[in-house]
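Chemist:
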Amino acid sequence: MKTMSVFETGLQTLNQAGEAGEINPRVIAILQAPKRIQIFRIPLKRDDGSFQIHDAYRVHYNNALGPYSDGTRVRPGLTLDEVKALGLFMTIKHCATNIPRGGAKGGIAADPGDLTPGEYERLIRAFVRCLSPKGPWMDVPGADIGTGEQAMSWMLDEYEQITGQSCPAAVNDKPPILGGSLGGEEATGRGCFLTLLDAAAERGLQIKGATAVIQGFGQVGSVVARCLHEAGSKVLAVSDIKGGVVNESGLDIPRLLEYVKKTGFVVGFAGGEALDQQDIFSLECDIAVPAAVQNVINQHNAGGVKAKIVVEAANGPITADAEQVLQEKGVWIVPDVIANAGGATVCHFEMSQGLYNHYWDLDTVTRELDKKMHQAYLDAAATKRRYQAPSLRIGAWISALKKLEKAMTLRGWV
215 MKTMSVFETG LQTLNQAGEA GEINPRVIAI LQAPKRIQIF RIPLKRDDGS FQIHDAYRVH
275 YNNALGPYSD GTRVRPGLTL DEVKALGLFM TIKHCATNIP RGGAKGGIAA DPGDLTPGEY
335 ERLIRAFVRC LSPKGPWMDV PGADIGTGEQ AMSWMLDEYE QITGQSCPAA VNDKPPILGG
395 SLGGEEATGR GCFLTLLDAA AERGLQIKGA TAVIQGFGQV GSVVARCLHE AGSKVLAVSD
455 IKGGVVNESG LDIPRLLEYV KKTGFVVGFA GGEALDQQDI FSLECDIAVP AAVQNVINQH
515 NAGGVKAKIV VEAANGPITA DAEQVLQEKG VWIVPDVIAN AGGATVCHFE MSQGLYNHYW
575 DLDTVTRELD KKMHQAYLDA AATKRRYQAP SLRIGAWISA LKKLEKAMTL RGWV
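Position 332 of the sequence shown, counting from 1, maps to 546 under our numbering, and the rest follow consecutively.
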């Protein structure tokens with residue numbers, strides 16, 4: 215059986231939620247494809263005199279609730295299908311968390327690790343020059359896999375050179391010195407942990423003493439691990455692209471974080487035994503957190519998942535057929551559109567601060583993030599019960615689609 219692409223999986227969820235929530239079919243028809251797709255071919259002269267052309271994309275999925283917004287992914291093998299899927303997910307994510315922005319996604323098919331700093335900067339600046347329309351009221355790019363504060367700083371500078379205006383709200387995920395928000399680096403991981411707390415309360419699981427495994431130990435997974443450790447949970451295993459480490463008594467997370475800070479990877483950590491990264495979801499545990507890339511829980515390993523709760527810190531980490539297997543086993547899935555919405559939420563805070571040149575302290579950011587994430591989970595759970603939806607994912611999508619339906623109706627689109 216052919217495995218569905220990430221975008222096809224997203225459309226399947228869209229159609230299921232549309233039917234379960236009795237959404238106007240015209241709304242669902244509009245959301246079957248992006249409103250605008252931009253495809254670029256960016257030439258790059260390398261420092262050694264060689265020449266490359268990189269495929270790049272920007273997808274404007276839907277702007278019924280506000281300006282297009284979301285990250286810029288730079289990784290080898292990036293496809294339009296992936297970017298379209300992420301644009302759809304961002305449309306739903308913003309609606310599910312009551313953020314007045316539309317959904318978009320962009321990216322470049324390139325390996326940042328293969329480029330010199332100068333080559334990488336030229337590629338990022340060229341991408342900004344390709345974007346149109348752009349600006350705080352039209353399209354606001356941010357960071358994603360393969361980009362970060364430095365890339366966003368170049369993006370902002372290129373935009374301001376083009377327009378001749380200072381406009382910190384034109385780009386998200388900047389460093390605070392250039393108008394970025396405090397709390398942004400930890401927002402996705404913290405938001406994921408907050409939705410986990412709500413899920414655990416609903417399922418009757420005590421976080422203190424609970425056991426967890428985390429696949430992916432980057433900016434998101436490491437924050438989730440720290441939050442779990444501070445809450446009294448035992449993180450039994452973590453993994454990254456190089457491999458994994460496991461300790462049945464619980465890993466020493468502060469020591470592991472220091473180790474990864476020095477080495478870049480979890481492999482070789484003395485506080486546990488080596489673990490094949492493919493085996494992490496087969497470990498006995500209460501909580502599993504896929505925090506890396508899509509499709510890591512699939513038809514081949516879903517039957518071996520032992521966790522009671524799976525929290526999707528990554529985008530699309532569970533395939534459609536795997537989700538069916540997990541549901542039949544009684545696994546409670548916290549879907550990506552709310553679980554990893556913390557980053558998008560703080561990006562909204564960042565844009566608001568930039569527009570009005572009024573910056574929040576960390577306590578304010580944290581307090582407002584906590585409120586948004588808690589309400590998003592409550593809305594999804596309440597909608598699931600109201601429509602007797604088969605999963606929290608469908609509940610979250612119905613909650614989002616109801617808002618899109620109202621906005622599109624008022625605009626006269628349907």
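Note that beta-carbon positions come from the ideal geometry of N, C-alpha and C, so glycine has one too.
1. Under 8 Å, with one C-beta from each stretch per pair, do the region 389-397 and the region 311-329 reach the 3-pair mark?
2. Measure from the alpha carbon of Cys344 to the alpha carbon of each residue in Pro257, Gly544, Lys307, Leu279, then state which is nearest.
3. Is it buried or exposed for Gly435, if we count other Cβ within 10 angstroms and need 16 for buried?
4. Just how far apart, CA to CA, sit Gln491 and Ile428?
5. Under a three-way DSSP split, which group does Trp611 fall into?
6. Which runs of the alpha helix (DSSP H) fall wholly inside the region 223-256 and span at least 4 residues, in chain order?
7. How long is the line joining the alpha carbons of Asp262 and Gly332, rounded to whole angstroms?
8. Given this structure, state the Cα-to-Cα distance separating Gly360 from Gly291, to the nearest angstrom.
9. Nearest by alpha-carbon distance to Glu416: which of Leu225, Gly280, Ile547 is it?
10. Would you report the Cα separation of Ile244 and Asn277, rounded to the nearest angstrom?
11. Under a three-way DSSP split, which group does Ser283 fall into?
12. Any beta carbon from chain C within less than 8 Å of Glu399's own beta carbon?
13. Using the beta-carbon count (16 or more within 10 Å), is Leu225 buried or exposed?
14. Starting from the N-terminal side, write out each stretch of the alpha helix (DSSP H) that is 4 residues or longer and does not extend beyond the region 560-607.
15. Would you check if the distance between the CB atom of Tyr275 and the CB atom of Lys307 is smaller than 8 Å?
16. Could you spell out where the alpha helix (DSSP H) holding Ile467 opens and where it closes?
17. By Cβ distance, which residues of its chain are closer than 8 Å to Thr227, with the 5 residues on each side in sequence left out?
18. In chain order, what are the residue ranges of uninterrupted beta strand (DSSP E) at least 3 long that sit wholly in the region 282-312?
19. Going by CA-CA distance only, name the one from Gln433, Ile467, Gly458 that's closest to Val449.
20. I need the straight-line Cα distance from Gln433 to Gly403, nearest angstrom please.
21. When you compare only the Cα positions, how much space is there between Ala484 and Leu471?
22. How would you write the range of the beta strand (DSSP E) that Trp546 sits in, first residue to last?
23. Three-state secondary structure (DSSP) at Gln429?
24. With DSSP collapsed to three states, give me the class of Lys348.
25. Would you call the region 374-390 and the region 349-359 touching, i.e. three or more CB-CB distances under 8 Å?
26. Could you tell me which whole alpha helix (DSSP H) segments of length 4 or greater appear in the region 437-513?
27. Please name the residue in Phe254, Gln252, Ala553 whose C-alpha comes closest to that of Thr409.
28. Hey, how far is the Cα of Ala270 from the Cα of Ala516?
29. Please look up how many angstroms separate the CB atoms of Leu279 and Ala621, rounded, as I've assumed it's under 8 Å.
Modeler: Quick answer:
1. The region 389-397 vs the region 311-329: no contact.
2. Out of Pro257, Gly544, Lys307, Leu279, Pro257 has the C-alpha closest to the C-alpha of Cys344.
3. buried
4. 10 Å
5. Trp611: helix per DSSP, three-state reduction.
6. With a minimum length of 4 residues, the continuous alpha helix (DSSP H) runs that stay inside the region 223-256 are 239-244.
7. Asp262 and Gly332: Cα-Cα distance of roughly 12 Å.
8. Distance between Gly360 and Gly291, taken at the CA atoms: about 12 Å.
9. Ile547
10. 11 Å
11. Note: Ser283 maps to strand in three-state DSSP.
12. Looking at the structure shown, chain C is missing, and only one protein chain is on hand.
13. buried
14. Counting only runs that start and end inside the region 560-607, the alpha helix (DSSP H) elements of at least 4 residues fall at 576-601.
15. no
16. 467-477
17. Ala534, Arg607, Ile608, Trp611
18. DSSP runs (the beta strand (DSSP E)) wholly in the region 282-312: 282-289.
19. Ile467
20. Near 7 Å, if we compare the C-alpha coordinates of Gly403 and Gln433.
21. 12 Å
22. 546-548
23. The answer is strand: DSSP assigns Gln429 an E or B state.
24. coil
25. Note that the region 374-390 touches the region 349-359; at least 3 beta-carbon pairs, one per stretch, sit closer than 8 Å.
26. 467-477
27. Among Phe254, Gln252, Ala553, the Cα nearest to that of Thr409 is on Ala553.
28. Rounded to the nearest angstrom, the two C-alpha atoms are 33 Å apart.
29. 5 Å
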